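Listed in order, the protein sequences are those of chains A, B, C, D and E.
Position one of the first sequence corresponds to residue 1 (our numbering), numbered consecutively onward.
Position one of the second sequence corresponds to residue 367 (our numbering), numbered consecutively onward.
Position one of the third sequence corresponds to residue 733 (our numbering), numbered consecutively onward.
Position one of the fourth sequence corresponds to residue 1099 (our numbering), numbered consecutively onward.
Position one of the fifth sequence corresponds to residue 1465 (our numbering), numbered consecutively onward.
Where is the CB? At the ideal position from N, CA and C, for every residue including glycine.
Please read all numbers here as calculations on a predicted model, not as lab measurements.
The structure appears right after this line, and notes come after that.
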Amino acid sequence: MQLPRINRLTKLIGIKNPKAKAGMPPGTLIFMGDKLTEKSQVDLISYNSGDIIEFCSKSSEDVLEQLSPDRVNWVNIDGLHNVKLIEEIGEHFKLHPLLMEDVLNTEHRPKAEEYEHQIFFTLKTLYNLTDVDITYEQISFVLGKDYLLSFQEKEGDLFEGFRDRLRQTGPGKNRARSRSADYLFYRLVDTIVDSYYIILEKVGERIDVLEDEVYDEPTKKTLHDIQQLKRELIFLRKTVYPLREALSKITKGEYHLIKKDTLPFFSDVYDHTIHVIETLETYRDLVTNLTDMYMTSISNKMNEVMKVLTIMATIFIPLTFIAGVYGMNFQHMPELNWKYGYPAVWGIMIATSIAMIIYFKRKKWL
Amino acid sequence: MQLPRINRLTKLIGIKNPKAKAGMPPGTLIFMGDKLTEKSQVDLISYNSGDIIEFCSKSSEDVLEQLSPDRVNWVNIDGLHNVKLIEEIGEHFKLHPLLMEDVLNTEHRPKAEEYEHQIFFTLKTLYNLTDVDITYEQISFVLGKDYLLSFQEKEGDLFEGFRDRLRQTGPGKNRARSRSADYLFYRLVDTIVDSYYIILEKVGERIDVLEDEVYDEPTKKTLHDIQQLKRELIFLRKTVYPLREALSKITKGEYHLIKKDTLPFFSDVYDHTIHVIETLETYRDLVTNLTDMYMTSISNKMNEVMKVLTIMATIFIPLTFIAGVYGMNFQHMPELNWKYGYPAVWGIMIATSIAMIIYFKRKKWL
Amino acid sequence: MQLPRINRLTKLIGIKNPKAKAGMPPGTLIFMGDKLTEKSQVDLISYNSGDIIEFCSKSSEDVLEQLSPDRVNWVNIDGLHNVKLIEEIGEHFKLHPLLMEDVLNTEHRPKAEEYEHQIFFTLKTLYNLTDVDITYEQISFVLGKDYLLSFQEKEGDLFEGFRDRLRQTGPGKNRARSRSADYLFYRLVDTIVDSYYIILEKVGERIDVLEDEVYDEPTKKTLHDIQQLKRELIFLRKTVYPLREALSKITKGEYHLIKKDTLPFFSDVYDHTIHVIETLETYRDLVTNLTDMYMTSISNKMNEVMKVLTIMATIFIPLTFIAGVYGMNFQHMPELNWKYGYPAVWGIMIATSIAMIIYFKRKKWL
Amino acid sequence: MQLPRINRLTKLIGIKNPKAKAGMPPGTLIFMGDKLTEKSQVDLISYNSGDIIEFCSKSSEDVLEQLSPDRVNWVNIDGLHNVKLIEEIGEHFKLHPLLMEDVLNTEHRPKAEEYEHQIFFTLKTLYNLTDVDITYEQISFVLGKDYLLSFQEKEGDLFEGFRDRLRQTGPGKNRARSRSADYLFYRLVDTIVDSYYIILEKVGERIDVLEDEVYDEPTKKTLHDIQQLKRELIFLRKTVYPLREALSKITKGEYHLIKKDTLPFFSDVYDHTIHVIETLETYRDLVTNLTDMYMTSISNKMNEVMKVLTIMATIFIPLTFIAGVYGMNFQHMPELNWKYGYPAVWGIMIATSIAMIIYFKRKKWL
Amino acid sequence: MQLPRINRLTKLIGIKNPKAKAGMPPGTLIFMGDKLTEKSQVDLISYNSGDIIEFCSKSSEDVLEQLSPDRVNWVNIDGLHNVKLIEEIGEHFKLHPLLMEDVLNTEHRPKAEEYEHQIFFTLKTLYNLTDVDITYEQISFVLGKDYLLSFQEKEGDLFEGFRDRLRQTGPGKNRARSRSADYLFYRLVDTIVDSYYIILEKVGERIDVLEDEVYDEPTKKTLHDIQQLKRELIFLRKTVYPLREALSKITKGEYHLIKKDTLPFFSDVYDHTIHVIETLETYRDLVTNLTDMYMTSISNKMNEVMKVLTIMATIFIPLTFIAGVYGMNFQHMPELNWKYGYPAVWGIMIATSIAMIIYFKRKKWL
C-alpha cells in the first residue's frame, strides 16, 4: 500500500532559506516565511469606555493619522510579505531593528522581550483545518503605552468574537472597553492559548481511535498514523514549550507596561499554558505506549502464526513419514501382506495425531 | 477475544468543550465539567471551642445570614452546576472573578493562589468505586480570615468522620474546635491526601496480581490490563504531581492567613504528598518492568514453539527422505531385493533419530 | 517450573492500612507497622568522660528517673507497638505530636526535621538475613541538648560494638565518652550508613552471578532473578535517596544542636551516602544491561534454532522431491528403465546436498 | 554489500595526541590539530566611520605596525600551525599563556572567558562540503578595547560578504563602520551561527529522505545511513551545546568590553543558538523514531515471510499426507480399487484446501 | 565458546570489606584497599627558584627533618598499606582524623575538602596497561601553606616528566620552581587529567573496531565486548564525574590556599574535566547505539534465514505434493496411462517453480 507522504520536515521545522540573509546587516528587513496571502492591510480599532472607532486601509499612513493618544489603539497588520508597510509602521512607533526582524521571521520561537518603550511578544496560532494536519501561523504583538500592534501572516483570525464584544454599546456593556492596552493584549493572548485546547481535543480523539485500532486490527496504516502523530506532538511541544518561559517573564511583574491588576490575568494564561504542556507530555507518554503496544501486537501475531505452522507440521510430518514407509518397494515387507495392515496403520496415525493434540492442549497452544 | 474499551481519553484528560468559552470575557461564569448530580446545596458548620451550629439549605441567602464573624465558619457547597448559587456566594465573599472561574472549571490542575484576603486551593479527591476505575472529583477551598469555603462537584465526601469529631461535646473533646480556620483547612486537605493511600494500595495489589500473571500465564488480557494500569498511573501522576508545588507554596510560610503554628501540619501533608509521588514513580518503574517481562515472556514462548517445530522437522524430514528413496520405482534398485533391506532401513532410521535426539540434548533443547 | 513468588508489593512499598487513621486528628498515636516483636523495653546509657551507667526496664518511669542533666543520656526504646510507653516518653521530653506520629509510622521516608528544642531524624536499617531478602527496620532519633532518644521496631541492633567501646574504661579509652550528645547521634547514624555497604556488596555479588548465568545458560529462573533484583534496587533507592536530603540539611550547619566541630563528621556520613546512592545508580545501569543481554541472548538462541531448521529443511526438501518424482507411477517414465538411473539419482541428490552445504558455509551458517 | 566506513571516531571526537603535551608546562605553545593548510598569513582591516585600510602579510611585524589606537583594528590570522606567528601576536597584545594555549588547541569546546583586558571566545564553523560529511573548523576571537583578533585554522571563511559591506563607501553606507569593536565581534559570531542553519536544513532533508526509505523499502543501507546521521547529530550537539553557555555569559552584561547597546544583538544570537539546539533535539527525537520504525518494519516483514511459509505449509502438508497414504503398498487397501477413488481423493484434497483458505481469510492472513 | 569472565564487580565498584571497620571509632586508621606493592617509601622534593633538593627514605622521620619552611616541600608517599608511616606524617602535619581516614580508603570518590590549614583533594589515576583493562589508582593530595603531600598506592607515577623539568637548572629554566605550592598542586592534577585523554583515545579506538564488527560480522564475542565496554564506561563515568564538582569548588576561589593567579590554571583543568565528561557521555550514546545496531543486525539475519527457508519450502512443497499425487496406487488414474503424462507433470512442476520465483522477485525476497 502506498501511504501518503508525511509533511516535509524542512517546512515544519522552520529553518528555510537562511542563506538569503547571509551577509546582510542586522536590521535589514527581509520577509522570511511563506507568503500565505496576496493581500496586505492595516486595520485600526481605537476605543475608550465611551466609544469605538474602526478604520481599515492598505496604506499605513491613512491609519497612523487616526491614532489618538488618550484611547486604546489596536493596530492590526495582515500580511507580513509587505515589508514596506511593516517598515513604515515600525518607523512610526520607533521599533528597534531587531524587533522588526523578529516580526518578519515567521519561524521564530515564542518569546517575550522588553524594549525601552515596548514589550514584544510572539507566539503561534494553531489551526486544525482538516482532522489531521495542523497549520501554524505566527502572531507578534508589540505593546506600547496606549497602543497594541498585532502582526499576522494572513487575514482571518480568532479575534472576531472579541471584536464583537468591543463593538457592543449600551449601559453595562463597555466593560471590555474600560481597561487599558495591556488588558487588550492579555485578551488576545488568552484567546490564542484557549484555542490550543481545540487542537488538544482533536489529538486526544485520534489517540483514542489509534488505541482501538492497535488492540483490534493493527495494520501498517496504523503504524504510519502513530508515527505521524508522534511527529506532530514533537512539533506541538516545540511550539508551546517556549511560551511558558515567555509568559513567565510577564507574570513576574517586572515589565512596567503590564499594570498590577492585569497580572492575575496573565497568571491565569500561564496556568493554562502549563496545563497544555502537561497534557502534551501525557500524550507523548500515551503515544510511546501505543508504539510499544503495536510492537507487542505484532509479536503476538507472529507467535500465533508460528503456532499454527508448528501444530500443522508437528501433526502431519510423522504421519507423512509413516505413509512414506509403507510406500517403499522392498520385496520383503511383511506388514504389507497383513490382512489388517492398512487399518492398523490408520490406527497408529490417528493415535499419533490425538497424542499430539493432547500435547498441544497441555501447552495451551490450542 | 473482544476486550473492554479503555476509558475515553478526552474524558480523562480534562480538555472538554473549551469552545463554549471562546470569546467570553474572563470572569464569565460557566460550569465546565460533567454534571455529576442533580442536587445542589449549601451547608454551614459554624463553631468555636464552646459550641457548634449546623445549617443546610438550597438557598445561599439563608446560609449567609447565619455567618458570625467570631467563629470558624465552614461553608460547604455541593453541586457546581448551580452557577447562580456559586455566584451569590462569590459576591458575598468578594471572590476574584478568576478565582470563581477556577472553581467552576473542574478540570483545573491542583494549585494554591493567594488573593488579597483569601487563599485559593484546589485539588482532586480520588474514589475507587470498583476495583479498577478511579474517579476524580475536584474540591476547591477558599480560606478567609474566619471562614473556609469548600466547593464540591457532588454531595457525599470524605469529611464525615471529621464532622463527627467536631460535633463531639464534653470536657476535653473540643480540641478540634479550639483552633482557627486555617487548621480546619489543613484537616480537610490532610484527609484527602490520606485517602490517596487507599488508591495506592489498590494499585499495588493490581501490580502484584499482574506480576503473577506475567510469570505464569500471560495472555492478551494481561497486556491489556498492564496498559490500562500504565494509563491510570499517567493520570494519577498528572493529578498528584502539581499538588506538591501547591503545598510547597503554603509551607514556605509566606501566606499570612496560615498561622505559624499550623505550618508544621502543612509540612506533614507535604511530606505525605512527596511519599505518594515517590510511590507513584516506583509503581511506574514496576509497570514498565512488567511490560518488558511480558515481551520477554512472549519471546520465550516463541522460542519454545520454534524448538518443537525444529525438533519434529529435523527428526522426521531425513526419515521421510529415506522412505521416499525406497519408494522410487527404478527397475534396478538392488537394495529392494535384499532380504534384510527393510529391517536395515528401519535400523538406519532409528539410528538417525537417536543421533538427532542426542544432538538436541547436547544443545539443551530437550 | 513454578517459581517462588516475589515479595508482596503492598508489604514492601509501605502503604499499609492507612484507613485506620482516617478521621483521627493529627497527633492521635497509632502504631502503623508490623509488630516485629512481642517485647518492648527502654534502656538508658548515661555517660560522661568519667563513667558510664546502664539501666534497663519495661517501664518508662524507672528509666526517666535516672536521667541526669550534665551527662549524655542515650535512651533507647525497642518495640514501637507499645504506644503507651512511647507516649510517656514523648510527654516527658515534650515531643511535638507530629514528631510522635512520625516515630510510630514505620513507613516514613528518611527525613530530618528541626523542632524548637529537638532534632528529629529517621532512617532505615537494612538487614540481609538470607542472601536474597532484604529486611527494612525503621530507626528514629530525637536529639536534645543532653540526650538522644532512639526508637527501634524490635530489640537487637547494629550498635552493640559501639556500646562496648563506650563501656571501656582505663586511661586514654574514654575518648568516645568525652564528646556531647550530637557526636553520639553521629556515631549511630554512621554505623547504620556503613552497614549499607554490606548490602551493596551482597547485591554486587548477585549481579556478578547473574551476569555469568546470562552469558552461559540463561534460563527462565535467571530472568526471574534479574527481575527480583531490579525490584530490590528500586526499593533500596527509595530507602536511601531521601537520606541524602536529610543529611544535607544537617551538614549545612543550620541546626544549633549540632556543634561546629561535629559537622565534619556529618559531612563524612553525607559523602558515604552519596557513594551508596551512586553505587545504586551504577547497579541499576548494570541490571538494565542484564535484561538487554538476556533479550539478546534469547534472540541469538532463536536465530540458532532457526538456522538448524532451515539447514535441515533446505537440504532435504529438494531431495525428498526428487525421490517423490521417481516414485510416480506413470507408465512412460524412461529414466526408470535406465540401467544406471538409480545411481544417477543418488548422484544428483549428493551433488545437491553438497551445493547446499557450500552455500551455508559461505553464509557462515555452518 | 560492503558499506563505506563511518568516519573514524578518534578524529571526530577531538582527543588526538594529548601525549605530545605530557610533561610540558602550561603555556608551552604547541599546535594541537590537523594542519589543514600550508599557508599562514595575517591580514588587518582597520576602519572607522570615515575610511577603511586593508593590509595583508606573512609577517606579524608588518601588520602590527599598521595598528592605530583610535580605529577598529580587525587582525585575522589564517593557519594555526605557524606557532611562531601566533606567539608574536600574542606577545604584542599581551595574551595570557592559557589563552594562547586554547587558541592552538583546535579541539576545544566553545567557551567565553574574560581576561583582564580581553574577552576570549572560541567556537566552531561548520562546513557541509558534500551532502553527507560535516567539517568542523575552529575559530577563536580575542576582543580588546579597539581591536579584534580572529584565529582561523585555514584561509577562506564566511566573512567575505561582511567584508564587502565594510568596504562600501559613500553617504549612508558607513553604518557598519560607525560602531566599535564589540559590534564587529557580534557580526562575526552572528554570521557563524546563521551558517548553522544551512547545516540544519541539509540534515533535515536527509531525515526526510530516510523517512521515505524506511516506509517504502528499508535496506541495510538505510540502517547504515540512519546510524551515520545519529552519530552526526551527537557530534553536532556536542559542538553547539556549549555555545549556549558561552553566549549566555556575554548576554548577562557582566563583561565591560561589551557595550550596553550591543547587548541586544548578542541576545539575538543567543536566541538563534537556542533555536539551533532545540532543532537538534527535535532531530534527535525524529532519528530515534526512525530507528524504531526500521525495527518495526523488519518485524512486519518477518511476519509476512512467516505467513507465506505457514500458508503454503499448512495447505500442502495435509495434501501431501493424503497422497502419501494412497501411495502405500498394502495388499488390502479397498479404496484403491474403487472406481471413483481417485476423483474422490482429489475432491477431499480440494475441499481441504478451500477450508484452509477460508480459515486464513478469517484470520486476515490473506 | 567459553568467553573470558568480565572483571568481578565487587572489585571494581569499590565496596570491599567494610565490615572490618564496623564498630571502630572514626579516625581509627585502617588501610582499606588492595595492597598493590610491597614497598613503601617517602620522598621529598624541596625547591625554590634557586635550587632543588631531593631526598628519599623508608622512614618518615628522616624526611620530615629535611623540610624547610621557606621553600616548596613536596612530600610524596608510596604505599598506603604502611599505616604507621602515614600516621607519623599525619601527626607531623596535624592532619584531621577524617582526612587521614579518607587517604587510607582507596575507594573514595574524588572530592575536595577544605580544613583549617589544608586542602584535601583526592582523585583517581587511570592506567591502561593492556588494551582492554583499565586500572584505577587513587592519589590524594594535601596542600598546606608551603608543602604538598601526595599519597599514592604504589611506586611509579605520571609525574616523572614534571620532576625532570623541576630539576633543570640554568638561566631561564627555573620558571617551574619560581611558583608556590598551589601551582605545584595544579601541575600534578593537570598531569593526571591530561592522562585521561589517553584512556579516552583507546576507548574511542575500541568503539571504532566494534562498530566495524557490528556492521560486518557480529558474533557473540562482539556482544560480549560491547557489554564489557559499556561496563567500563559506567565505571569511568563514576570515577570522573565527581571530579567536576571537586574542581568546581576550587575554581570558585573560596579556598584561601589557592592564590588568585593560580585560579585560571584550575579553570583550565576544570574545562578539560568537562571535556572528558562530555566525551564519556558521547561514548555512552555511541555504545548504546552499538547495542541497538547489534540487535537490528540479528533481526536482519533471522529475517534472511527465514526467507531462505520460506523460499525453499514454498517452491518444493507443492512440487512434492504433485509427485505424491502421481505416486498413488489407485487402479483408475487415467493420467498415468497418458503417453505424455510424465513430461506434462514436469511441465506443470517447472511452471509452478517459475511462478513462485517471479512472486519472490516481486516481493524483493530474491
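Where residue i and residue j are concerned, what is the direct C-alpha to C-alpha distance, given to the nearest angstrom?
i, j, result
"E/V1567", "E/V1547", "10 Å"
"C/A754", "C/E1010", "Note that C/A754 scores 49 on pLDDT, short of 50, meaning its location in the model is unreliable; the coordinates nonetheless yield the value given after this. Answer to the nearest angstrom: the Cα atoms are 38 Å apart."
"D/L1142", "E/K1666", "42 Å"
"D/G1270", "A/I86", "22 Å"
"B/R650", "B/K596", "7 Å"
"E/Y1650", "D/E1199", "16 Å"
"C/T1042", "D/M1391", "28 Å"
"D/V1140", "D/I1151", "14 Å"
Please state whether DSSP places residue i in a helix, a strand or coil.
i, result
"B/P729", "Looking at the sequence itself, residue 729 of chain B is Lys, so the reference to Pro does not match. Reduced to three states, the DSSP call for B/K729 is coil."
"D/L1388", "helix"
"E/L1590", "strand"
"A/S49", "coil"
"A/F151", "strand"
"C/F763", "coil"
"D/I1332", "helix"
"A/K111", "strand"
"A/I358", "helix"
"B/N540", "coil"
"C/F787", "strand"
Kindly list, in the order they appear in chain D, the residues whose Cβ is closer than 9 Å to that of residue i.
i, result
"A/A144", "Note that residue 144 of chain A is Gly in the sequence shown here, rather than Ala. None at all; the shortest Cβ gap to chain D is about 18 Å."
So residue i contacts chain B; which residues on that side make the cut at Cβ distance below 8 Å?
i, result
"C/R841", "D637, I640, H641 and E644"
Closer than 7 Å by beta-carbon distance: list the chain D residues that pair up with residue i, in chain order.
i, result
"A/L319", "F1419"
"E/L1687", "Within chain D, no residue comes near E/L1687; the closest Cβ sits about 17 Å away, beyond 7 Å."
Quick one: which chain A residues come within Cβ less than 7 Å of residue i?
i, result
"B/T657", "D292"
Got a sec: does the ligand GDP put a non-hydrogen atom nearer than 6 Å to the Cβ of residue i?
i, result
"D/N1427", "Absence of the ligand GDP is noted for the structure shown, with no ligands found whatsoever."
By the criterion of Cβ-Cβ separation under 7 Å, what are the contact partners of residue i in chain E?
i, result
"C/M1081", "Simply none; closest approach about 13 Å."
"D/Q1325", "N1753 and M1757"
List, in chain order, every chain E residue whose beta-carbon is nearer than 9 Å to that of residue i.
i, result
"C/D1000", "P1490, L1562, E1565 and D1566"
Would the beta-carbon of residue i fall within 7 Å of that of residue j?
i, j, result
"A/L143", "A/W74", "no"
"E/F1780", "C/I1049", "yes"
What does residue i reach in chain A if we use C-beta pairs closer than 9 Å?
i, result
"D/Q1429", "L336, N337, W338, K339, G341 and Y342"
Practice item. Any chance you could list the beta strand (DSSP E) runs of at least 3 consecutive residues sitting entirely within the stretch 1658 to 1688 of chain E, in chain order? Key: Fully contained in the stretch 1658 to 1688 of chain E is no beta strand (DSSP E) run of length 3 or more.
Exercise for review: Counting only runs of 3+ residues fully inside the stretch 1534 to 1559 of chain E, write out the beta strand (DSSP E) ranges in chain order.
Suggested key: The qualifying runs are 1536 to 1542.
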